[in-house]
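Just below is one structure, and these are the notes that go with it.
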Amino acid sequence: MTPRGIDDGLVVARHRTAMVRHHLSQPMSLLVRTGVVRPGVSVFDYGCGQGDDLRGLIAAGVEASGWDPHFAPDAVIAPAEIVNLGFVLNVIEDERERSTALERAWTLAGRALVVSVMIAGAVPVDGLKPFRDGYLTSRGTFQKYYQQDELRKIVAHATGSEPVALAPGIFVAFRRPEDEQEFLLERRRGRRASTAAYASARPRASQSTAPVHERIQGPLEAIAAFALDRGRMPHADELPSEVHDRLAQERVGLSRAVATATDVIDEDAFHSAAASRREDLLVHQALNVLNRTRSASRPGASIVRDIRHHFGSQQQFAEQALEYLHALADPSRTAEAMVRSAGKGLGALDEDGRLVIDGDRVEQLEGVLRCYYGCAAFFVGELGQEYIARLDPVRRQVSLFRVEDRRSPFPIMTGSVTIDLKRQNVIMRDDRRVLARKADVYGLSARSRQRDEERKRRAAEGWADERVLIRL
Ligand SMILES: C[S@@+](CC[C@H](N)C(=O)[O-])C[C@H]1O[C@@H](n2cnc3c(N)ncnc32)[C@H](O)[C@@H]1O
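Start counting the sequence shown at 277; every next residue gets the next number (this note's numbering).
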């Protein structure tokens, strides 16, 4: 295959779009962070460019290979559990060839295909020459900028499955509903239960069980980690084979190991893990309904066990999740939750009654607000960068402001994404402005001192308010 597309007498130098990467690309790093890609999972990078993602994955012990028409034309095109089609479609000027690439990538994907493109609004297009449905750049390359929903539809059409938004311009399509459900639940989960409680309890084991503890320390840690993550004890098939091997070596049965672990797990931590898991499952189910997630009817065995354990039955679970949905439909209940949240120091209410909160604290919000935020995450996925979120239930909008150097007194806002839930629309802006840090958003108590600092800096630099501040 030729790396160049010859079109209307024009030669489009597609390969020139491939950059040297010193870190994993955004889609690959999102896959790693969400646990989709990890050692033991095979990856194929379709249109791998200079192959830097592959080198990074291989160095971390992931079985990875790739192909590229320019950089690796002789590489074997092989099926893998996860296939990445990263920033390839947007450099192809021929629409039919885009479809072929997408369809081919999907046939290779055993479990999931992740597709990323450049998104409209993320970079300025002034000075670029319009060409077909995109632009020609001064370097002789082609770039098409997609709308988020346009990409969703293309991926849905090619894969026959409704893809999940990972981030603006990045979708993942799963082949099996169970895999999608596992992924969604993990992503929607806010808090991770800590294993610290177990670590501190372990040395205080009673004398009579001490020898067993010592001999099966590894399995006990694995069991405790599961218990403090899920709020219940594991079944045999939920533990890795090394745990079983070690127990067999030590001639300790699984039920004895579980009973021993139960003795040393901190009870409060276990109950709080159970409460977190219950809420996570409810938020997950409410979002499944809201987002009409097709895979919802086919959760994996492990989620089914969680539901039975924490709710008794699927029906009771469904009824409780409905409660969340009713609360969402009632703006006063959302507003009350926002007031409670701000009262606890989780974000601040602005003068229009909107809740403004640091992105990494969103997961600590009450379930109903996490559902509200989750509706927006459904459209854009993750920003992969620090951000401030603003929830506006009256206008039914969620805005995410990307920030750089959040800890500085005057972080830089590098752009924003507004999700209009009523119109189901995503609006991206790439305006770079200085953000006046609001002490209460950042959880600082010295609010007036912060304001003073803002005033002084504005005076010193001669900033006009509107030019340098975003009104949070
Ligand atoms: C912007 S680069 C992305 C490279 C890599 N995936 C990354 O994220 O770093 C686009 C790559 O797509 C490759 N490409 C062009 N046409 C293609 C096609 N029809 N199928 C697969 N890859 C193609 C180009 O050779 C180029 O290396």
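Using N, Cα and C, we set each Cβ at its ideal position, and we do this for glycine too. Nothing here was measured: the structure is a model prediction, and the numbers come from that model.
Cβ-based burial, residue i [other Cβ within 10 Å; buried from 16]
| i | result |
| --- | --- |
| E518 | exposed |
| D668 | buried |
| A294 | buried |
| D521 | exposed |
| H586 | buried |
| P694 | Going by the sequence as given, residue 694 is Thr instead of Pro. Classification for T694: buried. |
| R671 | exposed |
| A512 | exposed |
| A340 | buried |
| R480 | Per-residue confidence for R480 stands at a pLDDT of 38, beneath the threshold of 50, marking its modelled position as unreliable; the derived number appears in the next sentence. That one is exposed. |
| E373 | exposed |
| P355 | exposed |
| S531 | exposed |
| L720 | Per-residue confidence for L720 stands at a pLDDT of 45, beneath the threshold of 50, marking its modelled position as unreliable; no derived number is given. |
| G342 | buried |
| G623 | buried |
| G403 | exposed |
| G529 | exposed |
| E458 | buried |
| Q700 | exposed |
| P510 | buried |
| D425 | exposed |
| V540 | buried |
| V317 | buried |
| P439 | buried |
| T383 | exposed |
| R568 | exposed |
For residue i, the nearest candidate out of the options (CA to CA)
| i | options | result |
| --- | --- | --- |
| Q419 | L427, I368, F450, R464 | I368 |
| V559 | A665, I541, A594, L378 | A594 |
| Q596 | V580, R616, Q561 | Q561 |
| I358 | S375, F347, E456 | E456 |
| L659 | R666, R646, L676 | L676 |
| R733 | D706, I703, P687, S692 | P687 |
| A351 | F363, G325, Q673 | G325 |
| T417 | R709, H291, V528, A618 | H291 |
| V308 | V702, L412, E462 | E462 |
| L442 | H298, M689, Q302, R709 | Q302 |
| S335 | P315, H346, P345, F320 | It is Ala, not Ser, that sits at residue 335 in the sequence shown. Per the Cα distances, P315. |
| P345 | A377, D329, D328, E642 | A377 |
| H433 | G397, E379, Q493 | E379 |
| A401 | Y421, A385, L515, G650 | Checking the sequence shown, residue 401 turns out to be Val, not Ala. Measuring from the Cα of V401, the nearest candidate turns out to be Y421. |
| L300 | A501, V319, G332 | G332 |
| Y600 | R452, E555, D707, Q661 | E555 |
| Q493 | V440, E526, A549, R508 | E526 |
| I583 | T569, R568, A551, L645 | A551 |
| R452 | F363, S589, L412, A385 | A385 |
| V399 | G436, T413, N360, L389 | T413 |
| R678 | L523, R705, N366 | R705 |
| R709 | D681, D505, D636 | D681 |
Residue i: CB within 8 angstroms of a non-hydrogen atom of ligand 3
| i | result |
| --- | --- |
| S392 | With respect to ligand 3, the structure shown offers nothing to examine, as its ligands consist of ligand 1. |
Range covered by the beta strand (DSSP E) that runs through residue i
| i | result |
| --- | --- |
| R705 | 701-705 |
| R509 | A quick correction: the sequence has Met, not Arg, at residue 509. Neither: M509 is in no beta strand (DSSP E) and is coded neither H nor E. |
| A388 | 385-392 |
| S692 | 688-696 |
For residue i, the first and last residue of its enclosing alpha helix (DSSP H)
| i | result |
| --- | --- |
| D521 | 517-525 |
| T610 | 607-619 |
| L306 | 302-309 |
_Whole runs of the beta strand (DSSP E) within the stretch 395-456, excluding any shorter than 3 residues_ = 405-407, 410-412, 440-443, 446-450, all fully within the stretch 395-456.
*Counting only runs of 3+ residues fully inside the stretch 313-366, write out the beta strand (DSSP E) ranges in chain order.*
Counting only runs of 3 or more, we get 318-322, 339-343, 356-362.
*If you scan the stretch 633-677 from start to end, which runs of the beta strand (DSSP E) of 3 or more residues do you find wholly inside it?*
Entirely contained in the stretch 633-677, the beta strand (DSSP E) runs reaching 3 residues are, in chain order, 663-668.
*Any chance you could list the alpha helix (DSSP H) runs of at least 4 consecutive residues sitting entirely within the stretch 536-588, in chain order?*
Counting only unbroken stretches of 4 or more residues, the alpha helix (DSSP H) elements lying wholly within the stretch 536-588 are 543-566, 577-587, in sequence order.
*Determine, using beta-carbon pairs with one atom in the stretch 442-456 and one in the stretch 403-417, whether at least three such pairs fall under 8 angstroms.*
Short answer: they don't touch.
_Would the stretch 608-619 count as touching the stretch 539-551 if we require 3 or more Cβ pairs under 8 angstroms?_
Remark: fewer than three beta-carbon pairs, one from each stretch, lie closer than 8 angstroms, so the stretch 608-619 and the stretch 539-551 are not flagged as touching.
*Using 8 angstroms as the threshold, is the stretch 638-656 in touch with the stretch 689-705, meaning 3 or more CB pairs across them?*
Yes, they touch.
*Any contact of the stretch 571-586 with the stretch 528-540, i.e. 3+ C-beta pairs under 8 angstroms?*
Cβ pair count under 8 angstroms is below three, so no.
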